[in-house]
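Reviewing the structure listed below.
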Amino acid sequence: MKKTLLIIIILFCYIPAAWSFGNGAEPVKGKWLSIEHSQSKPNTWLIFRKDVNLAVAPASLTARIAVDSKYWLWINDRMVVFEGGLKRGPARHATYYDEVEIAPYLTSGDNTIAVLVWHFGRNGFSHANSGVAGLWFEAIAGGVELVSDGSWTGTVYDAYQDTEAPYPNYRLPESNIRFDARLELAGWNKKSFTGHIHGTLLIDEIKDTSVGQLVKRPIPLWKDYGLTEYTAVRKSVGGDTLFCRLPYNCHVTPYLKVKAAEGAVIGMHTDLYISGNSPNVRAEYVTRNGEQEYESPGWMNGNEVWYVIPKGVEVVEVKYRETGYNAEFVTPFRCNDPFYTELWKRAARTLYVTMRDTYMDCPDRERAQWWGDEVNELGETFYALTPSSHQLALKGIHELANWQRADGVIFSPVPAGNWNRELPLQMLAAVGWYGFYTQYYYSADSSYIPVIYDGLKKYLHEVWRTDADGLPIVRHGEWSWGDWGEHIDLDVLTSAWYYLALKAEQAFARQLGKDEEADAVGLMMKKIAEIFDTRFWTGAAYRSPAHKGVTDDRAQAMAVVSGLASADKYPALLKVLKKEYHASPYMEKYVLEALFLMNEPAFALERMKARYENMLSYAAYTTLFEGWDIHSGTINHAWSGGPLTLLSQKVCGVEPTSPGFRTFRVAPQLGFLTEASTTIASVSGEISVSVSQKGQKMKVKVKVPEGVTAEVVFPKGKAVEVGAGEHTLER
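As numbered in our numbering, residues 155 to 885 make up the sequence shown, in order.
Structure, rendered in structure tokens:
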């Protein structure tokens with residue numbers, strides 16, 4: 155019993171104090187509202203209203219809003235939030251709440267607040283169902299007190315229904331959305347509404363519900379681009395389907411205006427409805443008599459939206475609304491070869507379409523926070539987006555720590571609804587140098603380090619074990635996975651990933667003043683480095699004695715990027731990497747990075763083109779695929795974007811030399827390119843770099859933010875330090 159209680163306390167304490175509601179200082183006055191006849195079954199939709207008279211409209215008023223799972227908010231007939239809420243599960247017994255500034259929407263006199271709530275009602279990858287459909291609302295300031303209580307009215311909104319099969323696959327907590335306009339409660343969210351809505355059901359205090367602790371939303375509300383015309387609309391041969399082209403793969407909600415008799419069923423889905431051999435989300439609209447308009451609220455993604463129109467329905471207008479993570483793109487990477495410019499662009503689009511509630515592997519089949527994908531994504535973010543994007547990885551780091559199992563195992567995807575299996579090498583990547591440490595070093599945000607440190611240490615030293623020589627013993631977890639594909643040398647990969655995880659742990663220990671622990675980790679790293687060649691080096695490549703396949707290109711790459719391979723091995727390793735092509739797009743990032751570290755930029759670019767040219771040959775697509783072939787998974791997969799990082803970081807050569815780019819290095823590796831440029835929106839200010847070379851001459855233009863210094867390193871080793879301002883250097 156004591157052991158169980160201790161585990162519960164530990165898990166509870168993982169929830170960051172800065173995120174918990176009011177840090178325990180403010181009372182929670184709002185009640186959890188539901189509807190008496192709501193059974194909280196999957197795909198339940200609820201509506202709530204509150205009419206209030208204010209003597210004076212407040213100058214500022216922040217509403218705190220929690221639901222399981224999503225909500226839409228109107229105040230005085232104006233849309234305030236289009237899709238609020240986050241998939242549930244900052245920890246096992248916790249729910250996110252939003253903060254929304256509502257004062258600009260309020261007036262003196264009568265006001266109407268209206269909320270539409272969508273309860274997913276089932277678990278999924280990265281969503282944990284609370285089992286309770288409802289709303290919590292609280293806005294208190296300056297003499298105004300608006301809280302969810304018995305004065306609100308609400309009902310189950312029966313116009314929202316399930317479709318018939320096929321349904322979204324088991325990974326998705328979302329259901330298909332069918333709206334029957336014959337049951338529409340017209341104007342329910344407007345001040346002028348005069349219909350009758352029942353009272354609500356109060357479910358005691360928020361802490362007494364299965365919703366659990368409230369945790370403040372740590373990422374921005376979505377960016378809403380508004381309703382927009384499609385770039386092109388064409389009809390099928392029979393005329394029953396409209397194929398509506400989007401400018402790029404994005405998150406959209408489809409809109410229509412039609413004239414019809416009642417009972418016609420209009421289908422809506424994207425060209426990626428069947429993606430990765432699985433059905434994803436779709437929508438239906440059942441017409442009433444006359445002219446009518448409708449926007450399906452649940453987002454879907456793709457390159458086209460398809461409207462299946464029954465006979466007798468006249469289409470007046472179709473549009474779409476794009477929503478997405480609230481960050482801006484930087485000026486994209488460019489170079490004299492359009493292939494690499496386009497590759498960077500598609501990688502950036504892939505990154506953005508796999509960002510929302512969490513980083514995702516893909517936005518259609520799974521929407522799941524797999525951490526192998528997230529490690530690549532968070533690295534790309536620093537070279538593609540403005541700093542508000544950094545918060546998504548920080549959210550993921552806290553979730554990974556909060557969901558750590560009692561036995562010390564860390565697993566993903568989380569938040570965990572119907573998954574709790576460990577992929578050991580993905581977890582080593584997550585907690586290590588390319589995951590947790592890169593997030594700190596590039597963002598300069600160390601706030602999470604003391605929160606996650608003890609759990610990280612437990613995972614690396616109690617879950618993982620080393621053999622008599624000090625090398626990590628391969629763990630298969632619940633899914634023994636090193637990469638997609640064949641010829642995976644798991645022993646070599648395990649040693650390299652574990653070494654990089656220890657490297658991150660040692661750096662964190664130093665930051666926290668735990669020098670003895672850092673020294674002990676350093677000794678472990680030294681033992682691994684001393685035995686690594688003895689165990690795995692054959693004279694021509696790195697291979698473990700147990701590996702029976704052909705030599706693994708991934709293993710050679712990880713030996714280089716971990717620092718375990720010395721420079722004298724590079725000529726032999728280059729021969730292997732020129733011959734072996736087994737890595738998936740996920741691990742290819744590290745193969746290419748190894749080539750840049752070996753000072754082989756020309757071949758790195760050559761291999762990059764050879765690997766990605768098939769993907770880029772599909773001109774209709776704006777994103778990168780899960781596998782090298784279009785038929786090998788989804789066509790918008792997060793782990794494929796590694797070249798984005800490398801083109802900015804290695805080709806243009808821009809890397810921080812202190813946290814948050816307070817100092818940085820520009821060491822271009824153009825290979826056979828003659829010019830390249832990139833921009834970084836760092837937390838220290840905007841950095842821009844333009845590089846050109848002609849013969850043996852290289853020119854570097856660099857813009858350095860105020861308070862920042864840079865070191866420009868030319869290929870022959872000449873280094874020049876510059877301060878704030880715009881500089882042109884030539885050697």
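In this text, a Cβ means the ideal position worked out from N, Cα and C, and glycines have one as well.
Query, Result
"Specify, as a first and last residue, the run of the alpha helix (DSSP H) that residue 597 falls within.", "592-597"
"Compare the C-alpha of residue 339 against each of 331, 332 and 351 and name the closest.", "351"
"Return the CA-CA distance between residue 565 and residue 584, expressed in angstroms with no decimal places.", "10 Å"
"If you follow the beta strand (DSSP E) that residue 332 is part of, which residue opens it and which one closes it?", "331-334"
"State yes or no: is the C-beta of residue 413 within less than 8 Å of the C-beta of residue 496?", "no"
"Thinking C-beta only, is residue 473 closer than 8 Å to residue 409?", "yes"
"Just tell me which of 493, 482, 488 and 487 has its CA closest to the CA of residue 507.", "482"
"Is residue 572 closer than 8 Å to residue 324 when the C-beta atoms are compared?", "yes"
"Kindly indicate which residue of 734, 679, 702 and 698 has the alpha-carbon position closest to the one of residue 717.", "679"
"Cβ of residue 224 within 8 Å of Cβ of residue 280?", "no"
"Are the CB atoms of residue 738 and residue 638 nearer to each other than 8 Å?", "yes"
"Out of 396, 600, 763 and 264, point me to the one whose CA is closest to residue 464's CA.", "396"
"Excluding the 5 residues flanking residue 175 on each side, which residues of the same chain have their C-beta closer than 8 Å to its C-beta?", "Annotation note: pLDDT 37 at residue 175 (below 50); position unreliable, no value reported."
"Taking all protein chains shown into account, do 16 or more other C-beta atoms lie within 10 angstroms of the C-beta of residue 755, making it buried, or fewer, making it exposed?", "buried"
"Quick check: the region 552-559 against the region 841-848, are there 3 or more CB pairs under 8 Å?", "no"
"In angstroms, rounded to a whole number, what distance separates the CA positions of residue 519 and residue 741?", "21 Å"
"Say whether the region 798-806 touches the region 747-764, bearing in mind that this needs 3 or more beta-carbon pairs closer than 8 Å, one atom from each stretch.", "yes"
"Measuring straight from C-alpha to C-alpha, what distance separates residue 853 and residue 873?", "13 Å"
"How many angstroms separate the CA atom of residue 641 from the CA atom of residue 698?", "12 Å"
"Tell me whether the region 427-435 and the region 313-332 touch, counting them as touching only if at least three CB pairs, one residue from each stretch, are closer than 8 Å.", "yes"
"Whose C-beta lies closer than 6 Å to the C-beta of residue 877 among residues of the same chain, with five residues either side of it excluded?", "863"
"Check this for me: beta carbons of residue 778 and residue 504, under 8 Å apart or not?", "yes"
"On the DSSP bridge list, what partners appear for residue 398?", "387 and 459"
"With a 10 Å radius around its C-beta and 16 neighbouring C-beta atoms as the bar for buried, classify residue 606 as buried or exposed.", "buried"
"What is the residue span of the alpha helix (DSSP H) that residue 690 lies within?", "669-690"
"Please classify residue 772 as buried or exposed, where buried requires at least 16 neighbouring CB atoms within 10 angstroms.", "exposed"
"Could you check if residue 443 is buried or exposed, using at least 16 other CB atoms within 10 Å of its CB as the buried criterion?", "exposed"
"Measuring CA to CA, which of 332, 291, 276 and 526 is closest to residue 238?", "291"
"Helix, strand or coil, according to DSSP, for residue 650 in the structure here?", "helix"
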